[in-house]
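Just so you know, the sequence shown maps onto residues 1 to 254 in the UniProt record's numbering.
Ideal Cβ placement from N, Cα and C applies to all residues, glycine included.
All values derive from a computational prediction rather than experimental measurement.
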Amino acid sequence: MLSINGVSKSFGGVHALRDVRMAIPAGVITSVIGPNGAGKSTLMNVISGYATPSAGEVHLDGARISGLPPHRICAMGLARSFQNLQMFVDMPAWEVVATGFYRHQRASLLADLLNLPSSRAEERTAEADARKLLQFLDLDPVWWQRRAGDLSYGLQRKLEIGRALATGPRLLLLDEPAAGLNTSETTALGQLFRKIIAMGVTLVLVEHDLDLVMAVSDSIYVLDAGTVIARGGGEEVRRDPLVMAAYLGLDADA
1 MLSINGVSKS FGGVHALRDV RMAIPAGVIT SVIGPNGAGK STLMNVISGY ATPSAGEVHL
61 DGARISGLPP HRICAMGLAR SFQNLQMFVD MPAWEVVATG FYRHQRASLL ADLLNLPSSR
121 AEERTAEADA RKLLQFLDLD PVWWQRRAGD LSYGLQRKLE IGRALATGPR LLLLDEPAAG
181 LNTSETTALG QLFRKIIAMG VTLVLVEHDL DLVMAVSDSI YVLDAGTVIA RGGGEEVRRD
241 PLVMAAYLGL DADA
């Protein structure tokens, strides 16, 4: 589904990514882990169009997406969340999710400005669909009309995932989705991931919570200093000497 072919990215003299190669199939959860500064967020930015690779290509279902702007990549079926929440804090919760549906809007800007029937009909549809997504996310209806900025950090994370799902992706990239969550919220997040997979949406996670990664991932890639140093299942990766060296500072040859 997602093919990353020899991707490198440099910022001045700093090599953030070096010849990264990944093959991510549809219908699974793939995680990308690594110590701080490994290049994980840079890779997410390259995949989603927020950065252009210095070398190499990224393909989604055979179509090249590297170098395209984010809105074009989103229209091709790839959505993402961000490590730092990108939230419309003054909107009600349901409307934050509904903004994702506006990518599918057919009414013209003039119809919106004049509040024509076609525009009002699309708004009603977007609100109804947003409420269905909020149910899917297990967000208590008591929060739906509340100002998004008044919700807990964990609930805001859910809203961001809901907004991304509203764009109708085939592939969803989640950058540090468990950051700032407590244990029960993280457990619920893992359950949500499985529900998303059951919808037919493929997941790629960048995540520091290794317990969550090991619990939900079908495949794991490990980055260190911009290079893939290991890939495989949870136990295989956990026992890899290069991974132990990257995380614990151990000598890989010891």
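In the structure shown, the three-state DSSP call for Pro141 is helix. For Phe88, the closest of Ala128, Ala98 and Ala79 by C-alpha to C-alpha distance is Ala98.
Rounded to whole angstroms, the separation of the alpha carbons of Val204 and Pro141 is 28 Å. The residues Ser81, Arg157, Ile161, Leu189, Leu205 and Glu207, in chain order, have a CB closer than 8 Å to that of Pro177 in the same chain once the five nearest residues on each side in sequence are set aside. Across the set Thr183, Gln135 and Leu43, the C-alpha of Leu43 shows the shortest separation from the C-alpha of Ser3.
Pro169 is not a Cβ neighbour of Gly56, given a cutoff of 9 Å. Inter-residue distance for Ser10 and Glu127 is about 42 Å (C-alpha atoms, whole angstroms). Secondary structure of Ile65 (DSSP, three-state): coil. DSSP places His71 inside the alpha helix (DSSP H), whose first and last residues are Pro70 to Ala75. Distance from the Cα of Ser54 is smallest, within the candidate group Asn5, Arg238 and Ala38, for Asn5. Sixteen is the threshold: since fewer than 16 other Cβ atoms of the shown chains lie within 10 Å of the Cβ of Arg124, the residue is exposed. If you draw a straight line from the Cα of Val7 to the Cα of Arg146, it comes to about 43 Å. When rounded, the separation of the alpha-carbon atoms in Ala164 and Cys74 is 9 Å. The beta carbon of Thr52 lies closer than 6 Å to those of Gly67 in the same chain, with the five residues before and after it left out.
For Ser81, the three-state secondary structure derived from DSSP is coil. For Ser217, there is no enclosing beta strand (DSSP E), as DSSP marks it with neither H nor E. DSSP, reduced to helix, strand and coil, places Phe136 within a helical segment of the structure shown. Beta-bridge pairing by DSSP links Val204 to Thr30 and Leu173. Just so you know, the alpha carbons of Ala148 and Met91 end up roughly 6 Å apart.
Straight-line measurement puts the Cα of Ala130 at about 19 Å from the Cα of Tyr153. Contact between Leu159 and Val201 does not hold, since their C-beta atoms are separated by about 17 Å, which reaches or exceeds 8 Å. In the DSSP assignment, Arg231 falls within the unbroken beta strand (DSSP E) covering Thr227 to Gly232.
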